[in-house]
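Have a look at the structure below, then the notes.
There are 2 protein chains.
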Amino acid sequence: MLTERQLLILKVTVDDYIQSAQPVGSNQLAKKSGITFSSATIRNEMADLEGMGFLEKTHTSSGRVPSERGYRYYVDHLLTPRPLPKEDIIQLRSIFEDKISETEEVIKRSAMILSELTNYTSILLGPDVRRHIVKKLSIVPLTTNSAVAIIVTDSGHVENRVFPIPEGLNPSEIEKMVNILNERLVGVSLNDLHTRLEQETMMIMKQHMERYGELFSTFRQAVILPREKNVYYGGKLNILNQPDFHDLHKIRSLMDVMEESEHIPMIIPVGNQGLHIRIGSENALSAMEDCSVITVSYDIGEEQTGSIAIVGPKRMDYKRIVSLLDTLSGDLSKELTRIFRN
Amino acid sequence: MLTERQLLILKVTVDDYIQSAQPVGSNQLAKKSGITFSSATIRNEMADLEGMGFLEKTHTSSGRVPSERGYRYYVDHLLTPRPLPKEDIIQLRSIFEDKISETEEVIKRSAMILSELTNYTSILLGPDVRRHIVKKLSIVPLTTNSAVAIIVTDSGHVENRVFPIPEGLNPSEIEKMVNILNERLVGVSLNDLHTRLEQETMMIMKQHMERYGELFSTFRQAVILPREKNVYYGGKLNILNQPDFHDLHKIRSLMDVMEESEHIPMIIPVGNQGLHIRIGSENALSAMEDCSVITVSYDIGEEQTGSIAIVGPKRMDYKRIVSLLDTLSGDLSKELTRIFRN
DNA sequence: TGTTAGCACTCTTGTATGGCGAGTGCTAAG
DNA sequence: CTTAGCACTCGCCATACAAGAGTGCTAACA
């Protein structure tokens, strides 16, 4: 459908625009290496490409800018991922250099390095905490009527929350309760914990141990939801560096959307394996219609997965980001699986 | 030094500018209620006020704008704190309405509500975690060579970190160690924990229990620093709402500075009791030379303190913010002391 | 028939110009 | 001491104009 020459022109146009953020004109393009024909020819071809919807003009006599369709075609057919430059690899590897033994810490660092490397915003999703398995439960009394509930999972994740305890439960009773809790709930996933606690409470109540039932019940209230959302950001402010974003209003709504954890599933569709690129209005959120988002998944062991996302302007350096994410996804999978298995 | 009329004019000028963000002219001012003299008189007085450095002009024939000195005089002498409107009080009280029993949670909420109420950015400092007292230590083994260290403090704060454990320590040995740790370290402040651990390690080593010494030592490594910085933000993006900030560059460096936890002590001088207002270049950080910062301290019990700060433009609604912070500081002190004492 | 040089045309950008309005400072009268 | 009046100063805005970059079209060329 597109001739060789049109492909070349489209590719060079997109590349140039990604690099310069300026509409690219025919004369400018003609000077590029690899172009053996004149600016007039380019003008003709560009007119065709515009007719087909791959390019756009900002006004009648301006240079051309890729349309969303143009970007889409570019990433689908013209993207030739080149190997990462050495510096980038070194930087990426630096994430793992001081053998951190905590999943969360590694992910945090990845978010940071990634945003530094790209100058875009990175969003990383850790593995789904709700699937982690309870390793140990404990209750530490603080005063006569409050205690802190602690849940340690197999991944080393610790959930904790302060909760009120029924009047007059003495320490030895609490200890007994903790033993019962551990006996019955170790091995259960955080996801199932709530319903299992409910069942256990019923059981306890049936055995006429009302005081304990109350403890169970408040304990249950306390552990309903994991507190932290398991989302890590890097370079939240990098949007401000992009010349593409100058409208304070748009910037604000974009930043708003990204911080709001409810929106995260709209930005990073969960369960999406592999690498995905969403350009402009392909994004679910209208606040992101001027952005492109590249996401990739990574694995922890056989079961768990996480996601990495880069949010930048449509005029994003797709080639570079794709290579970076490919590499990081692999490295992260390897490292986190190692930590997970130990 | 200043006549009654000059005081009045200064006050009304600042009030008007705070409200409108527009330079205020003599005619405009003459129309205000409370002004019984003509615009010409106002012009004369304003010229004097400008001469004394309380007002400034943006250009030769513009209205006047308060200078930093003008703001300073305004907050020092002309601020008549009025009682908070009912809606504000209701909103503030909503922070405490569902009896949260965790200090951190209350502070987080305060930061949020405060930023919503003011449309500025709020920064809250929690009590110094390092002064909290160890209530319980535990070590939960995850695999054969890693475990998670957990420290619960008297405030219900939980620190946790995964750390490697020496080869071949079996669970019963670890349990024994945890008992020793608890025997010797409960009651110590987090601040002293590190040095105390060092001493204990020496002790253990002297008794030729090398394997345990190694455990102690890695445990010590793990607990050197409290992980979280105990700083909570509300409305980080509210800066973008202020008409005073339009320069993306300045916005960026301001946001950068606020996020960087090293800079926090420069924004909120620690140990400052009571309410303080820092206007423009009175701030230690040059990135904040266009901002005013109002800080106030609050108490938790007799010993511990925290701080609240509001960062906004110099053209800040000082009257309102001062009242809000006064009230919140009191409420927060009461509530957190209650939680602390239980 | 595909390619290219040439040219008229369009549109943005930057600069100069003038009128309008808001505000000031000064003067002179009350 | 206060104030009305007035000339003056700027910023703001619209208009105008030239320069520059880029396009589309046409006609010539290989």
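Each protein sequence line maps, in turn, to chains Y and V.
Number 29 in our numbering belongs to position 29 of the first sequence; there are no gaps in the numbering.
Counting from 1 along the second sequence, just add 1000 to a position and that's the residue number in our numbering.
Where is the CB? At the ideal position from N, CA and C, for every residue including glycine.
Just to confirm, are residue i and residue j a CB contact at a threshold of 8 Å?
i: Y232(Y); j: G126(Y); result: yes
i: I1165(V); j: N1145(V); result: yes
i: T1060(V); j: P1023(V); result: no
i: L1055(V); j: Q1006(V); result: no
i: I1123(V); j: I1095(V); result: no
i: V296(Y); j: L325(Y); result: yes
i: K314(Y); j: I279(Y); result: yes
i: P81(Y); j: S323(Y); result: yes
i: Q221(Y); j: F163(Y); result: yes
i: L1181(V); j: H1132(V); result: no
i: G1156(V); j: E1102(V); result: yes
i: M255(Y); j: I239(Y); result: yes
i: T121(Y); j: G235(Y); result: yes
i: V134(Y); j: L142(Y); result: no
i: L1193(V); j: F1216(V); result: no
i: P243(Y); j: A21(Y); result: yes
i: L79(Y); j: K319(Y); result: yes
i: S26(Y); j: M1(Y); result: no
i: V1014(V); j: G1034(V); result: no
i: T327(Y); j: L137(Y); result: no
i: L1332(V); j: S1110(V); result: yes
i: G213(Y); j: T201(Y); result: yes
i: V257(Y); j: M209(Y); result: no
i: A1284(V); j: I1294(V); result: no
On the DSSP letters alone, give me the boundaries of the beta strand (DSSP E) that residue i sits inside.
i: H1276(V); result: H1276 to I1279
i: D1299(V); result: C1291 to I1300
i: S1020(V); result: First-last for S1020(V): E1004 to S1020, but that is the alpha helix (DSSP H), not the beta strand (DSSP E).
i: Y1318(V); result: Segment Y1318 to R1341 is the alpha helix (DSSP H) holding Y1318(V); no beta strand (DSSP E) there.
Tell me the DSSP bridge mates of residue i?
i: E56(Y); result: V65(Y)
i: V148(Y); result: V140(Y) and V162(Y)
i: G306(Y); result: Y298(Y)
i: T950(V); result: Because chain V spans 1001 through 1342 in this model, residue 950(V) falls outside it and cannot be assessed.
i: T153(Y); result: V134(Y)
i: V24(Y); result: R64(Y)
Along chain Y, which residues have their Cβ under 8 Å away from the Cβ of residue i?
i: K1136(V); result: V140
i: V1148(V); result: V152, G156 and V158
List, in order along the chain, the chain V residues whose C-beta lies closer than 7 Å to that of residue i?
i: N145(Y); result: N1342
By the criterion of Cβ-Cβ separation under 9 Å, what are the contact partners of residue i in chain V?
i: L275(Y); result: Here the premise fails: no neighbours, minimum Cβ distance about 30 Å.
i: L240(Y); result: L1248, H1249, I1251, R1252 and M1255
At a CB-CB cut-off below 7 Å, which residues of chain Y make contact with residue i?
i: D1347(V); result: An answer regarding residue 1347(V) cannot be provided, because it is not within the stretch 1001 to 1342 covered by chain V.
i: L1237(V); result: R252, M255 and D256
Got a sec, what are the start and stop residues for the alpha helix (DSSP H) residue i sits in?
i: S1253(V); result: L1248 to E1259
i: V1231(V); result: Looking at the DSSP string, V1231(V) is not in any alpha helix (DSSP H); the run it does join, the beta strand (DSSP E), is V1231 to G1234.
i: L190(Y); result: L190 to K206
i: T1041(V); result: S1039 to G1051
i: P83(Y); result: Premise fails: P83(Y) is in no alpha helix (DSSP H) and is neither H nor E.
i: V1178(V); result: P1171 to L1185
i: I95(Y); result: Neither: I95(Y) is in no alpha helix (DSSP H) and is coded neither H nor E.
i: P127(Y); result: Here P127(Y) belongs to no alpha helix (DSSP H), and DSSP marks it neither H nor E.
i: M266(Y); result: I264 to I267
The region 1156–1183 of chain V: positions lying closer than 8 Å to chain Y by Cβ: G1156, V1158, N1160, R1161, V1162, F1163 and P1164
The region 1244–1267 of chain V: positions lying closer than 8 Å to chain Y by Cβ: H1246, L1248, I1251, R1252, M1255, D1256 and E1259
Against chain Y: residues of the region 1090–1108 of chain V by CB proximity under 8 Å: S1101 and E1102
Contacting positions in the region 309–339 of chain Y - beta carbon closer than 7 Å to chain V: none
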